[in-house]
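Count along the sequence shown from 1, add 336, and you get the number used in the numbering used here. No residue lacks a Cβ here, since even glycine has one placed at the ideal position from N, Cα and C. Since we're looking at a predicted model, the values are computed, not measured. Take a look at the structure below.
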Amino acid sequence: MTNTHNLLETVRLASDQAISDCRTIAEVLIDPAGAGLKDFWEEQGCEWLSTVILHVLFQVAREEHRRATLEDVQGFLSSFDKASGDVLNSMESYDHGREALNEAIRRGTARMRQRADNERSAVHLTGASRLQATCP
337 MTNTHNLLET
347 VRLASDQAIS
357 DCRTIAEVLI
367 DPAGAGLKDF
377 WEEQGCEWLS
387 TVILHVLFQV
397 AREEHRRATL
407 EDVQGFLSSF
417 DKASGDVLNS
427 MESYDHGREA
437 LNEAIRRGTA
447 RMRQRADNER
457 SAVHLTGASR
467 LQATCP
């Protein structure tokens, strides 16, 4: 992926569609052929990746006053392995600017928090590895 096209530019941040836009981007990253998510791991990896994309978009916009990139999402995902509990807490407590966004993030983090460590790691790696393939 080059800097000339930022896939995250397509997210309508000021709209209620931001959540579904992030889901669509995650689906494209997880299933680039458009054949449909084939198993539990792809479905859950897609859910997690869409939650992270949503969080990173609003965090970068608020704190850095710019549009996030897939590289920002990748950087955020790399921090998850080191301190998943801290990362989930940070995502849950962050004010994303609208209650619908905060609720969507809390739902996504709650699903990850409820998983056993090995399942959480596998779901995380599904999303992270597909993103890694897109922006090495």
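Contact set for residue i: own chain, Cβ-Cβ below 7 Å, skip 5 residues either direction
i: W384; result: G444, M448, V459, H460, G463
i: L424; result: T445, M448, R449
i: F416; result: V423, H460
i: C471; result: M337, L406, E407, Q410
Buried/exposed call for residue i, threshold 16 Cβ in 10 Å
i: T338; result: For T338, the pLDDT reaches just 45, beneath the cut-off of 50, and the residue's location in the model is therefore unreliable, although a value from the coordinates is still provided. T338 comes out exposed.
i: Q353; result: exposed
i: H432; result: buried
i: Q380; result: buried
i: L357; result: Inspection of the sequence shows that residue 357 is occupied by Asp rather than by Leu. D357 should be labelled buried.
i: D453; result: exposed
Own chain residues within Cβ distance below 6 Å of residue i, not counting five before or after
i: R466; result: L365, I366
i: R359; result: S386
i: I355; result: A440
i: H391; result: M427, I441
8 Å contact criterion, which residue i and residue j should meet: CB distance rounded
i: L349; j: L393; result: 7 Å
i: I389; j: A369; result: Not really, about 20 Å apart at Cβ, beyond 8 Å.
Cβ shell of residue i (< 8 Å), same chain only, five flanking positions each side left out
i: E378; result: I366, D367, T462
i: E345; result: R403
i: A436; result: D352, I355
i: V396; result: R402, R403, A404, D408
N-terminal and C-terminal residue of the alpha helix (DSSP H) that residue i is part of
i: E399; result: 376-400
i: G463; result: 453-470
i: A440; result: 435-449
C-beta atoms of residue i and residue j nearer than 8 Å
i: R456; j: S420; result: yes
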